[in-house]
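Asks:
Shown next as structure tokens:
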């Protein structure tokens with residue numbers, strides 16, 4: 006065995022990012038470490054690469070226990086990392102980037118000629134062609150990644166960590182990369198690939214280690230598992246049975262047709278998304294996070310400009326309109342991250358509670374906010390939504406995550422709009438708060454309004470939704486109805502299953 | 002030798018003498034730019050060197066010890082500034098301005114304590130920097146005037162510029178220094194101690210500022226006056242930027258400011274109001290920076306197309 010990480014624990018204050026994690030790696034093996042955002046994969050790799058120090062636990066390489074205090078020591082011990090965000094110097098050329106940190110010298114001088122020869126040699130040896138003199142600026146992402154890989158090979162690493170290597174690549178580049186990974190493994194390199202794309206795991210890895218909430222929940226050989234099983238292990242499958250009363254659905258509220266979105270480099274993020282939400286209906290958007298759900302919500306709410314398509318609410322055009330216009334037209338939003346977008350962590354409860362309400366007569370008149378009215382308004386939310394708080398004047402940051410979330414959910418439901426979008430409403434909240442938030446979402450539906458629920462928590466989606474769309478790589482990969490909902494099928498769709506079967 | 006070319010020789014000679022203190026500090030500023038540090042404290046560091054050169058001069062009467070005192074004192078101040086800027090992540094502007102205000106006050110105060118004078122300290126016991134003898138140029142009065150009354154340290158400023166050029170662009174250590182300014186995170190990911198390089202660079206910029214400062218107090222005149230740098234550190238900061246943080250570019254930009262100051266000095270002897278004449282180098286600084294940025298923006302716009 007080449008590498009062993011034993012009982013790795015990493016705590017940040019109270020948060021346990023890695024809880025007694027064990028990892029093993031053999032020579033020439035490709036290990037996929039998979040899990041959702043925040044599952045602790047990246048933290049584990051930072052520990053291995055010396056960027057973070059474990060709270061406890063040991064690392065053994067070639068039978069010898071070692072301490073990795075910084076990246077330098079990791080490199081010395083044969084560990085290299087291809088980071089998700091490339092670590093390149095734009096104004097330096099390929100050679101300078103590759104030999105950086107281990108430059109060939111002539112006395113104190115930089116021996117550029119030898120550096121170029123060395124780079125050419127390893128680029129031929131590993132069949133990764135690159136012009137050593139080309140500048141980095143203007144280089145496509147796939148080639149930049151190749152520079153990163155050559156950099157690690159130049160450092161003579163035996164263990165190469167790839168952190169979400171395909172996140173930024175085009176499908177062709179992904180194919181190339183997977184081929185390269187296999188080639189490197191065949192040449193004796195050991196590879197750890199961090200990802201949440203199951204298709205890649207199934208096609209390239211020898212073994213998969215699944216992480217969830219900081220713990221290893223499974224360590225399986227690829228031939229003994231399926232993509233569906235892995236996707237369930239990733240998102241968890243504990244289901245809470247709860248009867249949700251029947252409700253007649255009404256007219257179509259939100260209608261999205263052929264929505265397409267690209268990022269600033271022109272890569273596709275959303276492709277021909279067609280969804281609708283009727284009144285009296287909770288519609289779930291399921292998927293492993295990072296498949297375009299976040300961006301879809303941003304488009305619907307005017308936070309991002311889509312390329313083509315149409316978005317309408319009760320036949321009113323909302324495509325690429327401003328957030329203010331969209332809110333006024335009748336959509337409210339509980340955003341994905343309660344502290345980054347949902348509230349101001351240093352502000353008081355009432356300041357965060359009146360966001361979006363401040364211009365209404367209940368709160369202000371003639372442009373002046375009435376502190377008394379704002380506090381009354383906040384106290385009403387605190388009562389109605391069961392927020393555990395001492396006063397309306399304490400800071401949002403002093404509340405627990407669940408209570409802060411209840412405050413935000415309350416604020417948005419109080420907008421009383423025909424459509425409510427909730428993104429990851431119960432991420433990181435305790436069970437009690439989760440139940441309370443779910444009840445409020447159901448209550449909203451019983452009032453005859455529509456709810457679009459975006460969540461990477463599959464159990465939540467299955468519990469609440471009347472209808473589910475499954476997203477995979479920016480597309481709607483399937484639609485399921487409550488009556489005929491089948492967990493297995495969702496798993497297949499989330500893993501991109503049906504789509505690849507068709508190909 | 003006609004009077005006009007003599008006049009040119011005089012102006013050029015004074016340009017060189019006025020530019021070298023700026024050049025030392027501007028090279029320090031350029032190095033700081035290369036590691037992504039905006040070292041506004043250079044003015045205070047220069048003042049520190051200028052003062053402690055005279056202190057050592059007063060007590061020892063040795064040129065070498067005076068220069069050493071200048072370099073060490075301003076290096077220490079720069080090192081402290083570097084620790085605050087890099088290690089404690091203090092806002093560079095605030096740290097820099099604090100250094101400037103602190104050193105202005107401290108040197109004024111210490112001057113009173115040590116020399117018992119206010120405003121300025123002059124003494125016949127003070128030694129000045131040795132000048133390079135150019136008597137062998139007696140046959141060419143133009144060159145004799147051009148290179149006349151320059152100290153060894155004036156020449157050394159140009160040597161330092163050339164050494165730094167080779168250091169930055171030819172050595173491994175210089176390569177790493179540049180990389181820190183380009184992408185600190187990337188350099189750290191490869192095990193380079195970026196913060197150590199940043200602090201070392203700031204400290205070295207202090208050493209250069211000390212040399213620049215000692216040229217002010219032991220070069221043309223030998224004296225210390227309150228706030229004797231009077232903004233030269235800031236002009237050097239501009240020269241660093243204007244020279245694209247390239248040692249040879251900095252020689253050019255410093256010579257531009259030297260010329261502006263020389264012209265300003267000459268104008269004081271003419272009918273132009275002396276206040277206006279004194280403002281010339283500073284006005285030139287603003288104009289040059291504005292023009293430089295304008296050209297940069299235009300070039301950027303062209304690249305976009």
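Protein chains in written order, with the working numbering: chain A, 6 to 508; chain B, 2 to 306.
Heads up, the beta-carbon is just placed ideally off N, CA and C, and yes, glycines get one too.
Since the structure is predicted, the reported quantities are computational estimates derived from the model, not experimental observations.
#1: Near residue 142 of chain A, which residues of its chain fall below 8 Å by C-beta distance, leaving aside the five closest residues on each side in sequence?
#2: Give the DSSP-derived three-state secondary structure of residue 464 of chain A in the structure shown.
#3: Identify the contact partners of residue 35 of chain B in chain A, using a Cβ-Cβ distance below 9 Å as the criterion.
#4: Where are the beta strand (DSSP E) runs, 3 residues long or more, that stay fully inside the segment 381-465 of chain A, in chain order?
#5: Answer yes or no: do residue 37 of chain B and residue 182 of chain B have a C-beta to C-beta separation smaller than 7 Å?
#6: Is the distance from the Cβ of residue 316 of chain A to the Cβ of residue 261 of chain A below 7 Å?
#7: By the 10 Å Cβ neighbour count, where 16 or more other Cβ atoms means buried, how is residue 450 of chain A classified, buried or exposed?
#8: Just the chain A side, please: which residues come within less than 9 Å of residue 183 of chain B by C-beta, in chain order?
#9: Look up residue 10 of chain A in the DSSP assignment and give the residues it is bridged to.
#10: Hey, would you say residue 135 of chain B sits closer than 7 Å to residue 148 of chain B, going by beta carbons?
#11: In chain B, which residues lie with their C-beta within 8 Å of the C-beta of residue 122 of chain A?
#12: Would you verify that the beta carbon of residue 273 of chain B is, or is not, closer than 7 Å to some beta carbon of chain A?
#13: For the segment 115-147 of chain A, which residues have a CB atom closer than 7 Å to at least one CB atom of chain B, in sequence order?
#14: Check the Cβ-Cβ distances between residue 159 of chain A and every residue of chain B, and say whether any is below 7 Å.
#15: Check whether the Cβ atoms of residue 214 of chain B and residue 51 of chain B sit closer than 7 Å, and answer yes or no.
#16: Given a limit of 9 Å on CB to CB distance, which residues of the segment 187-214 of chain B reach chain A?
#17: Nearest-angstrom Cα distance between residue 23 of chain B and residue 30 of chain B?
#18: Exposed or buried, which one is residue 46 of chain A when buried takes at least 16 other CB atoms within 10 Å?
#19: Of the residues that make up the segment 270-297 of chain A, which ones have a beta carbon closer than 8 Å to any beta carbon in chain B?
#20: With DSSP as the reference, label residue 164 of chain B as helix, strand or coil.
#21: Do the segment 282-293 of chain B and the segment 259-269 of chain B meet, that is, are 3 or more Cβ pairs less than 8 Å apart?
#22: Examine chain A for any beta-carbon lying closer than 7 Å to the beta-carbon of residue 173 of chain B, and answer yes or no.
#23: For residue 21 of chain A, I'd like the list of residues in its chain whose CB is within less than 6 Å of its CB, leaving aside the five on either flank, ordered along the chain.
#24: Run through DSSP, which three-state label would residue 309 of chain A get?
#25: In chain order, what residues of the same chain lie with their CB nearer than 7 Å to the CB of residue 115 of chain A, ignoring the 5 residues before and after it?
#26: Residue 483 of chain A lies in the beta strand (DSSP E); which residues open and close that run?
#27: Going along chain A in order, which residues have a C-beta closer than 9 Å to the C-beta of residue 176 of chain B?
#28: So who's on the other strand from residue 69 of chain A, going by DSSP bridges?
#29: Under 7 Å, CB to CB, which of the residues in the segment 219-238 of chain B have a partner in chain A?
#30: Taking only beta-carbon positions, decide if residue 80 of chain A is within less than 7 Å of chain B.
#31: Just tell me which of A/38, A/264 and A/338 has its CA closest to the CA of residue 310 of chain A.
#32: Which of the three DSSP states is assigned to residue 344 of chain A in this structure?
#33: Per DSSP, what kind of secondary structure is residue 139 of chain A in: helix, strand or coil?
#34: Report the neighbours of residue 180 of chain B on chain A: residues whose CB is nearer than 8 Å to its CB, in chain order.
#35: Under three-state DSSP, which class holds residue 370 of chain A?
#36: Counting along the chain, where does the beta strand (DSSP E) carrying residue 203 of chain B start and finish?
Replies: Once the coordinates are examined:
#1: If we look at residue 142 of chain A and ignore the five residues flanking it on each side, its Cβ neighbours are 95 and 96.
#2: If DSSP states are grouped into helix, strand and coil, residue 464 of chain A belongs with the helices.
#3: In chain order: nothing, as chain A lies at least about 12 Å away.
#4: If we require 3 residues or more, the beta strand (DSSP E) runs fully inside the segment 381-465 of chain A come out as 424-428 and 455-459.
#5: Yes, they are a contact pair.
#6: Yes, these two residues count as a Cβ contact at 7 Å.
#7: Its Cβ being crowded by 16 or more others within 10 Å, residue 450 of chain A is buried.
#8: Those are 94, 95, 96 and 97, listed as they occur along chain A.
#9: Looking at the DSSP output, residue 10 of chain A shares a beta bridge with A/28 and A/64.
#10: In this structure, residue 148 of chain B lies closer than 7 Å to residue 135 of chain B by Cβ.
#11: Residues of chain B passing the Cβ test: none, with the nearest at roughly 17 Å.
#12: At a cut-off of 7 Å between C-beta atoms, residue 273 of chain B does not count as an interface residue with respect to chain A.
#13: Going along the segment 115-147 of chain A in chain order, one finds 115 with a Cβ nearer than 7 Å to chain B.
#14: No - not a single Cβ of chain B is within 7 Å of the one on residue 159 of chain A.
#15: Cβ atoms of residue 214 of chain B and residue 51 of chain B: closer than 7 Å.
#16: Legend: CB atoms of the segment 187-214 of chain B lying less than 9 Å from CB atoms of chain A belong to residues 187, 188, 189, 190, 191, 192, 193 and 194.
#17: Cα-Cα distance, rounded: 10 Å.
#18: Burial call: buried.
#19: Listed in sequence order: no entries.
#20: Three-state DSSP puts residue 164 of chain B in a helix.
#21: Here the segment 282-293 of chain B lies against the segment 259-269 of chain B, with 3 or more beta-carbon pairs under 8 Å apart.
#22: Residue 173 of chain B counts as touching chain A.
#23: Here the set comprises 219.
#24: In this structure, residue 309 of chain A counts as coil in the three-state DSSP scheme.
#25: Around residue 115 of chain A: 108.
#26: In the DSSP annotation of this structure, the continuous segment of the beta strand (DSSP E) that includes residue 483 of chain A starts and ends at 480-486.
#27: Chain A residues near residue 176 of chain B: 97, 101, 105, 108 and 115.
#28: In DSSP, residue 69 of chain A forms a bridge with A/66.
#29: Answer in chain order: no residues at all.
#30: Yes, contact with chain B.
#31: The shortest C-alpha separation from residue 310 of chain A is found at A/264.
#32: Here residue 344 of chain A sits in helix by DSSP.
#33: Coil.
#34: Residues of chain A whose Cβ lies closer than 8 Å to the Cβ of residue 180 of chain B are, in chain order, 94, 97 and 105.
#35: Note: residue 370 of chain A maps to strand in three-state DSSP.
#36: For residue 203 of chain B, no beta strand (DSSP E) run applies; the uninterrupted alpha helix (DSSP H) run containing it begins and ends at 195-219, by DSSP.
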